[in-house]
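Under my numbering, the residue at position 201 of the sequence shown is numbered 938, and the numbers go up by one with no gaps.
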Amino acid sequence: MKICVVGSGAREHCLAVSFAKFSNSVVVTPGNPGIDEAYKSLQISTSTLDPTDIEADLFVIGPEGPLSEGISDKLRGQGKIVFGPGKDGAQLESSKIWMKNVLKEASIPTARFGEFKEFEPAKDFLNTLKDGYVIKTDGLAAGKGVFVTRQFDSALRDLKDKMEGKSFGQAGRKVVIEELMEGRELSVMALTDGKNIVPLTPAVDAKRCFDNDEGPNTGGMGAFSPAEFIDDRTLDLVLEKCIEPILGVFKSRDINYRGVLYAGLMLTNEGPKIVEFNVRFGDPETQAILPLLDTDLASLIYQAASGKLTEEPKFNRNKTVNIVLSAHGYPDSPQLGDKIYFDDDITDLEPGDVKLYFAGVAKNPDDEGLFTNSGRVLSVSSTKGTFKEAREAAYDQISKISFDKMHFRSDIGKVAVEIESQKQNSKLL
Ligand code: AMP
Ligand code: GLY
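As C-alpha cells, then:
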C-alpha cells in the first residue's frame, strides 16, 4: 500500500517507520530532512508537494492544524481514503469550549468549568473555585495555552494576559476556566471508523518542561508505554464512560468521524475524568506506543478510514521510553539554528530497538548536517523487555547527541521503573 503521511514531526516520522515495517511505501509531506536521512533501508521519502497533489492509497493526517483547517474534507472531496476527522469533528480539539459542551451532552466526567469572553464574570467564576485554578485558551495553542496554579493571584494575572490578547493573541481572548483535578494523568488513544472503536495501549506523557513536573506546559517532553498503573478493568471503564459516548454525540450531530480519539485523562479519586480530547495521534505518545504494536498499523488505519474497522491491534509485552530533545527556551522562545552533532553516524539507522525520530530539524545551505529548526528537535525512543533497560538505553543514546544548550528531562520513565521494581519485589515476596 502507498501511504501519504501529512506532517513534519517525530510523530509523523514514527508513523512512517511503523507503516514501512510492514512493507508499505510511505511519503511524508512536508516531512523534514532528518526523515530523508534516517532508516535508508525502509521505503520512506519526503515530498514538498501539497497532499492534494499526491497519489496514495491512504492519507494519514498527523497534526491538529491541517485537520482543523479541513484537509480531510478536501482530500475526501477528491475521492481519497483519509484517516483523520473533517473540520466538524476536529473542533473537539480546536475549541475547548466545543469539546466541553460535547462532554456535557455525553455525560462524560470532566472538571467543572465555565466559558468566558468577558473578564468580570470570569473573575467571579475564579472566586468560586477553592483548591486550584486552570485557565485555558479556547483555540489551538500547541499544548501551551493551559495555565495551572494553586495561587489565586497568579490565576488572575494569567486570565488578564489571555483575555487582553497579550499571551495568545485571538486564541486567548475566549477562555475556559476549570477546577483543578488531582491524580495520575494518562493518554488513551483509540482508532475509530465512527461506529467501531479500538483502543491502543495507554501511554503516559510528561507535559511540563522541567524535571519533577515543573515549569511551563509543553507539547510533551517524553512518554512511556504501557501505562504501568492502569489495569484492564479501569481501561474498559475509560472506554465505556469517557470515549465511546462521544460517538453518540457525533452521530446526533451528523459528524462522520474517522480517525484517532485521543483522551487525556486524570485518574482521580472519583474515577477517570477527561482533561482534554485530541483528534490525532499524540506526540510523543505515538513514539512510545507504536514500537509495541505487532499488528500492521496500515491495515488497522485503512479499515478505520474506509468505515470498516474490525481488526483488534495486538501489542507485545515490551516497554518503551521516549525522550524529547528540545531547544533552549522551548516552549516560549526556542533558540534555533544550532548545528546538531551525532557521535557515531546514528542518522543512518537500521530500525532496531533504539530509534531516533526527527522533528524540528533543517538543512543549512552553507554547512553540512542538520540544524535545530523548532522547539522539539528530536525524539529518542527505546524499546526493551523492561522499563529499566529501555530507560538506560534511551539516555545512553542521548549521550551521543548534542547541540548548543540542548534540553531534555532526566526523569522520563522514572516512575515506570519504580512501579516495575515494586511489582517485581512483590512477586519475590
Ligand atoms: P490540556 O491542553 O487541556 O491537555 O492541558 C495541558 C495540561 O494541563 C494537562 O495535561 C494537565 O497536566 C494540565 N491540566 C489541564 N486541565 C487540568 C485540570 N482541570 N486539572 C489539573 N490539571 C489540568
Ligand atoms: N503529548 C500531548 C499531545 O500530543 O497533545
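Yeah, the Cβ is synthetic: ideal placement off N, Cα and C, and Gly gets one too.
Own chain, CB closer than 6 Å to residue i, minus 5 neighbours either side, in chain order
i     : result
G821  : I798, L804, S809, G996
L1004 : G920, R921
E842  : V986
R813  : V819
V1091 : S1119, A1130, Q1134
N1101 : F1108
V1012 : G1001, M1003
P982  : A843, I845
G1044 : D930
L779  : A757
Residue i CB to nearest heavy atom of the ligand SAM below 7 Å
i     : result
N1015 : Here the bound small molecules are the ligand AMP and the ligand GLY; the ligand SAM is not part of this structure.
N-terminal and C-terminal residue of the alpha helix (DSSP H) that residue i is part of
i     : result
D773  : 770-774
E981  : 981-989
D1104 : Element bounds for D1104: not the alpha helix (DSSP H) but the beta strand (DSSP E), 1104-1109.
E1155 : 1151-1165
I1026 : 1022-1026
E857  : 856-865
I808  : 808-814
M900  : 889-900
T874  : From DSSP, T874 is part of no alpha helix (DSSP H) but of the beta strand (DSSP E) over 870-874.
K758  : 747-758
N838  : 833-842
T971  : 969-974
S1036 : 1034-1042
Cβ neighbours of residue i in the same chain (closer than 7 Å, five flanking residues each side left out)
i     : result
L1034 : S755, F756, L1027
G1089 : none
K811  : T789
V1061 : G957, M958, G959, P1021, R1113, S1116, F1145
D1031 : K1051, F1052, N1053
G807  : G823, K824
Cβ distance (whole Å) where residue i is taken to contact residue j below 8 Å
i     : j     : result
Y1094 : I818  : The pair is not a contact, with the Cβ atoms about 25 Å apart (cut-off 8 Å).
D773  : T789  : Not confirmed; about 22 Å, so no contact.
G1019 : S924  : 5 Å
T1123 : E1157 : 6 Å
E1049 : S1036 : About 11 Å; that fails the 8 Å criterion.
R1017 : E915  : About 22 Å separates the two Cβ atoms, so there is no contact after all.
N949  : V883  : Rounded, the Cβ-Cβ distance is 18 Å, inconsistent with contact.
L972  : A1041 : With 8 Å as the limit, L972 and A1041 do not qualify as a contact, their Cβ atoms being about 19 Å apart.
C741  : F796  : 5 Å
K837  : V913  : 6 Å
A943  : R1146 : 6 Å
A747  : Q1024 : 6 Å
K833  : K860  : Rounded, the Cβ-Cβ distance is 19 Å, inconsistent with contact.
E830  : E852  : With a Cβ gap of about 16 Å, E830 and E852 do not count as contacting.
F856  : Y870  : F856 to Y870, Cβ: 15 Å. No contact.
C-beta neighbour in chain C for residue i, strict 8 Å
i    : result
R887 : This model lacks chain C altogether, as it is built from one protein chain only.
Host beta strand (DSSP E) of residue i (start-end)
i     : result
P803  : Looking at the DSSP string, P803 is not in any beta strand (DSSP E); the run it does join, the alpha helix (DSSP H), is 801-805.
G952  : 951-954
P1095 : The residue asked about is misnamed: residue 1095 is Phe in this sequence, not Pro. Segment 1091-1095, the beta strand (DSSP E) holding F1095.
V1012 : 1008-1015
F1145 : Per DSSP, F1145 belongs to no beta strand (DSSP E) and is neither H nor E.
Y1067 : Where Y1067 is concerned, there is no enclosing beta strand (DSSP E), given that its DSSP letter is neither H nor E.
Y994  : Element bounds for Y994: n/a, residue is neither H nor E.
R1128 : R1128 -> not in any beta strand (DSSP E); alpha helix (DSSP H) instead, spanning 1124-1135.
Residues near residue i by beta carbon distance below 8 Å, same chain, minus five either side
i     : result
R990  : D825
L976  : V925, A927, I934, P936
K1137 : F1079, D1080, D1081, I1083
V1098 : N769, P770, G771, I1077, L1107, F1108, T1109, N1110, V1114, L1115
Can you tell me which residues fall inside 6 Å of the ligand AMP, judged by beta-carbon distance to its nearest heavy atom, and keep chain order? Close to the ligand AMP, as judged by a C-beta nearer than 6 Å to any of its heavy atoms, are the residues A848, V871, K873, G880, V883, V885, E915, L917, M918, E922, K944, N954, G1001, V1012, E1013, in chain order.
So does the segment 951-963 actually touch the segment 1053-1073, counting three or more Cβ pairs closer than 8 Å? Flag = yes, the segment 951-963 and the segment 1053-1073 touch.
Using 8 Å as the Cβ pair cut-off and three pairs as the minimum, do the segment 1108-1117 and the segment 1147-1162 touch? Taking one beta carbon from each stretch, the segment 1108-1117 and the segment 1147-1162 have fewer than 3 pairs nearer than 8 Å; the two do not touch.
Would you call the segment 1065-1073 and the segment 1137-1147 touching, i.e. three or more CB-CB distances under 8 Å? Verdict: yes, contact present.
The segment 926-933 contacting the segment 856-874, beta-carbon criterion three pairs below 8 Å: When C-beta atoms of the segment 926-933 are compared with those of the segment 856-874, fewer than three pairs fall below 8 Å, so the two segments do not count as touching.
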